[in-house]
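Undergrad: Residue numbers (my numbering), protein chains in the order written: chain A, 844 to 1137; chain B, 844 to 1137.
Take this structure, written in structure tokens, and hold onto it; I'll ask about it next.
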């Protein structure tokens, strides 16, 4: 397979995963059968394609960014706000930024990046928020990265163990070392040093995956997406019909502040996007709909 | 005057300004005579002193930070949330961080920093949010920094011109070059490149001020504080009794998101505080009480 064929194959899969996740989340909207929001209409995704202007003029960040994506957002009765974004961008990193990305300086800064990125903020404080993203990046090197992490406001042991078991399963199919390594990476990554707090109960995080040949690395990335698609709806379904109290809701809104702090202070994806002059609306789709710092 | 005497004099003034600002803001709380919140009780500041543990063990950021401060917070009927913080901290910067601070590397990283920092988020969307801060910093060099900027949700020409006129007055007393220079610095600093938006209508921003001798530099910094104390309450008083609509309130909550984005993505004070292992609660007191990213 040529690199171009690999890119095409990966992009097609990311796009397909986006569609299937949106479908699964809309099904959950249909299935809601209890709790304070049950009388609202079931939510549906709004799809907004976006495209960078053609041309090779560097943007204000000094990078040249072309390509585009599709931003899918749903504001529903189960999902208060969920963004499922697909993007395929390419161009040339600024010299400074290229230094931070493996293989980019060797290539005059040229890059190609494609992936899916998802953040869900839920109506119910009893249903965990979640993040998932997988991507393929090519400079003079090529690799996969991604992961998923769960942020319950009120931890439920069953959710935590199911979430970890799902990703352990995906990892173990490929390498017994993956799960301990990527779980640990996740714990270190999704951590707020200024609060001395983890963001949630973790999951897996991996990057620069170029280890067992492209086919296996891609198959692993697909497995990560597939287990996400099976485990998260199960966790949502478990708690979405329950009532919640005003106190639980307040607590959720305050905890969401930690999510904002993490994403704006530390998240590399956010930094990558904003520093390369990416689509701010799509990148900041991860921000919660309502937040309190009381 | 020895450096120690200068530090003491500056610290005493920052502390005094904090008390006078809190007094002026409480007076506004008493004076509220209209609008949807007029039936609530007038707000009062809560004062929380905080202190870093003694000792010279580096914290997780690699810096040694000692000293403390007083966090004054009011959740009132005019001021939805306002923090007026005084802090006096000292210690040793990590080697990496020392490189970014003038005169710090020459001094083994030793520093002393004292100042007042204020952010006000208002109940009424018709009353502008505001930020003000002044500080003295000493490494092997010593300087003043600070400024103030106004963030109206709905700009009112009178507020904008009064705010700028006040700071121009403070600047012109000391140097005709100060106002154009510091206004321009403010416009460049309080800018969100990822949005292509200024944070508000500006004001002044200055740093590394070590220009006309300590006495004049300190007198200038005092003048900045004094004009803030006279102009902002005047702007608040002008609009605080008016009614507002739900649409105006919604717009305010969304605009507050920009404030969060700026403070967490770009603000050097926030970065300085969090990267030296400062008091996260005091630093993040600048976060708005309720925010929406719809």
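Built from N, CA and C at the ideal position, the CB exists for glycine as well.
So, with DSSP's three-state summary, where would you put residue 970 of chain A?
TA: Here residue 970 of chain A sits in coil by DSSP.
Undergrad: Indicate whether at least one CB of chain A lies closer than 7 Å to the CB of residue 965 of chain B.
TA: Not closer than 7 Å to any Cβ of chain A, the Cβ of residue 965 of chain B fails to qualify, so no.
Undergrad: Considering Cα atoms alone, identify which of A:949, A:962, A:973, A:1050 is closest to residue 979 of chain A.
TA: It is A:1050.
Undergrad: For the region 869-921 of chain A, list the beta strand (DSSP E) runs that are entirely contained and at least 3 residues long, ordered along the chain.
TA: The region 869-921 of chain A contains these whole beta strand (DSSP E) runs: 889-894, 907-917.
Undergrad: Between the beta-carbon of residue 906 of chain B and the beta-carbon of residue 930 of chain B, is there less than 7 Å?
TA: No; because the gap between Cβ atoms is not below 7 Å, this pair is not in contact.
Undergrad: Suppose the cutoff is 6 Å on Cβ atoms and the five residues either side in sequence are ignored; what does the same chain contact list for residue 802 of chain B look like?
TA: It is not possible to answer for residue 802 of chain B, since the shown part of chain B is limited to 844 through 1137.
Undergrad: Quick check on the DSSP output: what are the complete alpha helix (DSSP H) runs of length 4 or more inside the region 1046-1087 of chain B, in order along the chain?
TA: DSSP runs (the alpha helix (DSSP H)) wholly in the region 1046-1087 of chain B: 1057-1082.
Undergrad: Look at the Cβ atom of residue 954 of chain B, then the Cβ atom of residue 917 of chain B, and state whether they are nearer than 7 Å.
TA: Not a contact, by the Cβ cut-off of 7 Å.
Undergrad: So residue 960 of chain B is in the beta strand (DSSP E); what residue range does that whole segment cover?
TA: Run containing residue 960 of chain B: 953-965, per the beta strand (DSSP E) assignment.
Undergrad: Residue 921 of chain A to residue 1061 of chain A, Cα distance in whole Å?
TA: When rounded, the distance between both Cα atoms is 32 Å.
Undergrad: Note down, in chain order, each residue of its chain lying with its Cβ closer than 7 Å to the Cβ of residue 904 of chain A, except the 5 sequence neighbours on either side.
TA: So the list reads 937, 1118, 1119, 1120, once near-sequence residues are dropped.
Undergrad: Nearest-angstrom Cα distance between residue 1004 of chain B and residue 1025 of chain A?
TA: About 55 Å.
Undergrad: Which of the three DSSP states is assigned to residue 985 of chain B in this structure?
TA: Looking at residue 985 of chain B - three-state DSSP - the assignment turns out to be strand.
Undergrad: For residue 1107 of chain B, which residues in chain A fall below 8 Å Cβ to Cβ?
TA: 1103, 1104, 1107, 1108, listed in chain order.
Undergrad: Does any C-beta atom of chain A lie closer than 7 Å to the C-beta of residue 1130 of chain B?
TA: Closer than 7 Å to some Cβ of chain A, the Cβ of residue 1130 of chain B qualifies, so yes.
Undergrad: When the Cβ atoms of the region 932-951 of chain B are set against those of the region 1005-1025 of chain B, are three or more pairs found closer than 8 Å?
TA: Contact fails: fewer than three Cβ-Cβ distances are below 8 Å.
Undergrad: Quick check on the burial criterion: 16 or more other C-beta atoms within 10 angstroms. Buried or exposed for residue 995 of chain A?
TA: Residue 995 of chain A comes out buried.
Undergrad: Determine the contact status of residue 934 of chain B and residue 984 of chain B, defining contact as a CB-CB distance below 7 Å.
TA: Cβ distance not < 7 Å, so residue 934 of chain B and residue 984 of chain B don't count as in contact.
Undergrad: So if I threshold CB-CB distances at 9 Å, which residues from the region 1015-1042 of chain B count as touching chain A?
TA: The region 1015-1042 of chain B vs chain A, Cβ under 9 Å: 1035, 1036, 1037, 1038, 1039.
Undergrad: If you drop the 5 nearest sequence neighbours on each side, which residues of the same chain put their C-beta closer than 6 Å to that of residue 987 of chain B?
TA: Counting only Cβ-Cβ distances below 6 Å, and skipping sequence neighbours, we find 979, 1052, 1060, 1064.
Undergrad: Hey, out of A:1048, A:1020, A:1099, whose CA is closest to residue 989 of chain A's CA?
TA: The shortest Cα separation from residue 989 of chain A among A:1048, A:1020, A:1099 belongs to A:1048.
Undergrad: Would you please verify whether the beta carbon of residue 1135 of chain B is less than 7 Å from any beta carbon of chain A?
TA: Closer than 7 Å to some Cβ of chain A, the Cβ of residue 1135 of chain B qualifies, so yes.
Undergrad: Sorted by chain position, which residues of the same chain lie with C-beta nearer than 6 Å to residue 1032 of chain A's C-beta, five sequence neighbours on each side aside?
TA: Hits under 6 Å: 1048.
Undergrad: Mind checking if residue 956 of chain A is an interface residue toward chain B, Cβ cutoff 7 Å exclusive?
TA: It does not; no Cβ of chain B falls within 7 Å.
Undergrad: Can you tell me where the alpha helix (DSSP H) with residue 1118 of chain A in it begins and where it stops?
TA: Residue 1118 of chain A -> alpha helix (DSSP H) spans 1111-1118.
Undergrad: DSSP three-state call for residue 1121 of chain A: helix, strand or coil?
TA: Correct three-state label for residue 1121 of chain A: coil.
Undergrad: Quick check on DSSP: helix, strand or coil for residue 1126 of chain A?
TA: It is helical.
Undergrad: For residue 1117 of chain A, which residues in chain B fall below 9 Å Cβ to Cβ?
TA: 1036, 1037, 1108, listed in chain order.
Undergrad: Going by CA-CA distance only, name the one from A:1093, A:1082, A:854 that's closest to residue 958 of chain A.
TA: Closest option to residue 958 of chain A, Cα to Cα, is A:854.
Undergrad: Nearest chain B C-beta to residue 1123 of chain A closer than 7 Å, yes or no?
TA: It does: the Cβ of residue 1123 of chain A has a partner Cβ on chain B nearer than 7 Å.
Undergrad: Among the candidates A:977, A:1124, A:875, A:1113, whose CA atom is the shortest distance from the CA of residue 915 of chain A?
TA: Considering only alpha carbons, the answer is A:1124.
Undergrad: Taking all protein chains shown into account, do 16 or more other C-beta atoms lie within 10 angstroms of the C-beta of residue 863 of chain B, making it buried, or fewer, making it exposed?
TA: Label assigned to residue 863 of chain B: exposed.
Undergrad: How close, in whole Å, do the beta carbons of residue 1130 of chain A and residue 1136 of chain B come, if the pair is a contact with beta carbons under 8 Å?
TA: Contact holds; Cβ gap of about 4 Å.
Undergrad: Could you give the distance in angstroms between the alpha-carbon of residue 1072 of chain A and the alpha-carbon of residue 942 of chain B?
TA: Cα-Cα distance, rounded: 46 Å.
Undergrad: Nearest by alpha-carbon distance to residue 871 of chain B: which of B:848, B:1096, B:925, B:1109 is it?
TA: Looking at the Cα atoms, B:925 is the closest of the given residues.
Undergrad: Using the three-state DSSP reduction, which class does residue 936 of chain A fall into: helix, strand or coil?
TA: Note: residue 936 of chain A maps to coil in three-state DSSP.
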